[in-house]
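The block underneath contains the structure these notes are about, expressed in structure tokens.
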Amino acid sequence: MKLDWTKKEFEAYVLLYAAHCNYFESKEEQDYILSKVDKITFNKIHIEVVVDSDENNLNKIQQYIIENEFSQQEKDDLIKDIKNVFFADGSVDVVEKKVFAILKKIID
398 MKLDWTKKEF
408 EAYVLLYAAH
418 CNYFESKEEQ
428 DYILSKVDKI
438 TFNKIHIEVV
448 VDSDENNLNK
458 IQQYIIENEF
468 SQQEKDDLIK
478 DIKNVFFADG
488 SVDVVEKKVF
498 AILKKIID
């Protein structure tokens, strides 16, 4: 599988996956993501995230990280943004906690 995403599209994919991992995206989560990426990228990537299975989501994220060079600062910023998505609606559920741990492991 060849991923031809820009870094912004990758960021949108990761953040949308985080927001969608419990099958509910709050308005606050969507607003936070839209503060990071433009609406066109958001809508384009949103469809892909929803259509992909959880396994595909994580495989794509891992593959993109492996194939593209990220500085430690970029990785730290991405992890901080994921955390902000989870806290955007004021609560973090069990699924979100598990997904955060998995994403942190993949990205770090």
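Here the numbering used here is used: the first residue of the sequence shown is 398, the next is one more, and so on. We treat Cβ as the ideally placed atom computed from N, Cα and C, and that holds for glycine. In this text, all values refer to a predicted model and were calculated from it rather than measured experimentally.
Taken in chain order, the complete beta strand (DSSP E) segments of 3 or more residues contained in the stretch 407–495 number zero; there are none.
Of the candidates L400, E422, N465, E422 places its Cα closest to the Cα of S488. Looking at Y420, K477, I430, the one whose alpha-carbon comes closest to that of S450 is Y420. In the three-state reduction of the DSSP assignment, L500 falls in the helix class.
Relative to the Cα of F484, the nearest Cα in the group L412, N456, K457 belongs to L412. Across the set K457, I476, E426, the C-alpha of I476 shows the shortest separation from the C-alpha of D505. V482 sits away from E406, with the two beta carbons spaced by 8 Å or more. In this structure, the beta-carbon distance from I430 to A416 falls below 8 Å. Inclusion of K441 and E408 in the CB contact set at 8 Å is not warranted, their separation being larger than that value.
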